[in-house]
Amino acid sequence: MTDDAQRFKDATGSPWMLTAEDPTRVDAYLRERNFLGPAESVTALSRAGEGNMNVTLRVKTIERQFILKQSRPWVAKYPTLPAPVDRILVEKAYLERTSCVPALAAHTPALLAADPENFVLLLEDLTGAEDLLRAYDHRQPILAEELRAMLAYLSELHQMAPGDFPANLPLRELNHAHIFVLPFRADNGFPLDDFLPGLAEVARPYQHDADLAARAAALGERYLATGSCLVHGDFYPGSLMSRGGHLFVIDGEFAHPGHPEFDLGVLTAHLLLAAAPAEQLQSIDQHYRKPAGFDTGLARQFCYVEVLRRLIGIAQLPLALTLGQRKALLAQAHQGLLD
């Protein structure tokens, strides 16, 4: 057993830490859990994208292909960073909840099976779909119809009362630290110059701005407070896929009873980071159906703090922006957050 596998077993009690490098073990796991038919076996196994939080595998058998997703008690991309392993159960709850609403189900991959004991989901493989991270490449912007579909999805989602949906507080607290706290601390240790030479110097004033840190902290308290809507919690291009112009929404592990302003603010921030045309930003009011009590000013604040943390935090993006463009966007977000 590898060190990571032992660490996984010690933390979860599960002997089944699954990896792309061991198809025989994945086959044995699927067989032991009765997820394969009598004549079915794994014929190919590969990583399905570069997941940050979880391990996501594409499994092929002689009969079909599907996605196997497993959480770890750490962040998959940063194994030294602990994370609540039961986040996969929140994603399960989100898939189950959204699949019951026709307007959302059309954009939701099917949940084929779930194994809470081993923190595994089996999901429909969205063959031919690509994530929208291409949006950060200015040559492949988000299409107008894709943005309309995103706004229609959020409009429908934010009409849903969360009911008994999990509070998801441990994962929200981790997210809170990386959005509202750590980017604004000089001692965060983020290797910003490894991402882009000169970025550390650009970030320094924002790491020593007490007013900015206080405003971000206050906004973070709003994020942690329980809200009246079901929110996705990570509604950005990496959680969105498109196939022939049809939108799919994935990665619901950050979902929680929260504030709709957070989802819309995050989406707006990523349109800014992708240098989306002004008409797309202006179309948000036209195509997003605000729930009762929606606070446009709060959404704007969430937007600006997301811009700041994506530019000077650890969760960097494949942006096409130059250092000068990032500097200008930081100044815009800083002013917007403090106004």
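Residue numbers (my numbering): 4 to 342. Note that the Cβ used here is the ideal one computed from N, Cα and C, for glycine as well.
(message) Tell me the residue span of the beta strand (DSSP E) that contains residue 2.
(response) In the structure displayed, the chain extends from 4 to 342; residue 2 sits before or after that span and is not available.
(request) Starting from residue 153, follow the alpha helix (DSSP H) in both directions and report where the run begins and ends. (result) In the sequence shown, counting from the first residue as 1, residue 153 sits at position 150. Here the alpha helix (DSSP H) through residue 153 covers 147 to 160.
(message) Between residue 63 and the ligand MG, is there a pair consisting of the residue's CB and a ligand heavy atom that are separated by less than 7 angstroms?
(response) Questions concerning the ligand MG fall outside what the structure shown contains, since it holds no ligand whatsoever.
(request) Starting from residue 224, trace the alpha helix (DSSP H) both ways and give me its first and last residue. (result) The residue you call residue 224 lines up with position 221 of the sequence shown. 213 to 227 is the extent of the alpha helix (DSSP H) around residue 224.
(message) Measuring only the C-alpha atoms, how far is residue 93 from residue 178?
(response) The residue you call residue 93 lines up with position 90 of the sequence shown. The residue you call residue 178 lines up with position 175 of the sequence shown. Going by C-alpha positions, residue 93 is about 15 angstroms away from residue 178.
(request) For residue 254, name the three-state secondary structure that DSSP assigns. (result) Position 251 of the sequence shown, counted from the start, is the residue given in the question as residue 254. Reduced to three states, the DSSP call for residue 254 is coil.
(request) Quickly, what does DSSP pair residue 59 with across the bridge? List them, please. (result) What you label residue 59 is simply residue 56 of the sequence shown in a count that begins at 1. The partner list for residue 59 (beta bridge, DSSP) reads 72.
(message) With the cut-off set at 8 angstroms, would you say residue 138 and residue 240 are in Cβ contact?
(response) For the purposes of this step, residue 138 is taken as the residue at position 135 of the sequence shown. For the purposes of this step, residue 240 is taken as the residue at position 237 of the sequence shown. For residue 138 and residue 240, yes; Cβs fall inside 8 angstroms.
(message) So, with DSSP's three-state summary, where would you put residue 141?
(response) Mapped onto the sequence shown, residue 141 falls at position 138. If DSSP states are grouped into helix, strand and coil, residue 141 belongs with coil.
(request) Please go through the same chain and pick out, in chain order, the residues whose beta-carbon is closer than 6 angstroms to the beta-carbon of residue 230, but skip the five residues on each side of it. (result) As a first step, residue 230 must be located in the sequence shown, where it is residue number 227. If we look at residue 230 and ignore the five residues flanking it on each side, its Cβ neighbours are 260, 261, 262.
(message) Am I right that residue 110 and residue 252 are in contact with their C-beta atoms under 8 angstroms? What's the rounded C-beta distance?
(response) As a first step, residue 110 must be located in the sequence shown, where it is residue number 107. As a first step, residue 252 must be located in the sequence shown, where it is residue number 249. The beta-carbon distance between residue 110 and residue 252, rounded to whole angstroms, is 5 angstroms. This is short enough to meet the 8 angstroms contact definition.
(message) When you compare the region 313 to 324 with the region 181 to 190, are there three or more beta-carbon pairs, one atom per stretch, that lie closer than 8 angstroms?
(response) Yes: the two stretches touch, three or more of their Cβ pairs being nearer than 8 angstroms.
(request) Report buried or exposed for residue 16, applying the criterion of at least 16 other Cβ atoms within 10 angstroms of its Cβ. (result) For the purposes of this step, residue 16 is taken as residue 13 along the sequence shown, with counting starting at 1. That one is exposed.
(message) Quick check: the Cα distance between residue 311 and residue 30, rounded to an integer number of angstroms?
(response) Reading the sequence shown from its first residue, position 308 is the one you call residue 311. Reading the sequence shown from its first residue, position 27 is the one you call residue 30. The alpha-carbon atoms of residue 311 and residue 30 are separated by roughly 43 angstroms.
(message) In the DSSP output, which residue or residues are listed as bridge partners for residue 123?
(response) On the sequence shown, residue 123 is found 120 positions in, with the first residue counted as 1. According to DSSP, residue pairing for residue 123 in a beta bridge involves 73, 118.
(message) Within 8 angstroms, do at least three Cβ pairs link the region 59 to 74 to the region 26 to 42?
(response) The region 26 to 42 vs the region 59 to 74: in contact.
(request) Buried or exposed for residue 49, please, with buried defined as at least 16 other CB atoms from any protein chain shown within 10 angstroms of its CB. (result) Counted from its first residue, the sequence shown places residue 49 at position 46. Classification of residue 49: exposed, given that the 10 Å Cβ count is below 16.
(message) Using a Cβ distance threshold of 8 angstroms, determine whether the region 294 to 309 contacts the region 265 to 281, with at least three qualifying pairs required.
(response) yes
(request) Determine the extent of the beta strand (DSSP E) in which residue 103 is found, giving its start and end residues. (result) Position 100 of the sequence shown holds residue 103. It is not in any beta strand (DSSP E) - residue 103 carries neither H nor E in the DSSP assignment.
(request) Look at the alpha carbon of residue 157 and the alpha carbon of residue 287, and state the distance between them as a whole number of angstroms. (result) Counting from one through the sequence shown, the residue named residue 157 turns up at place 154. Counting from one through the sequence shown, the residue named residue 287 turns up at place 284. Cα to Cα, residue 157 sits roughly 11 angstroms from residue 287.
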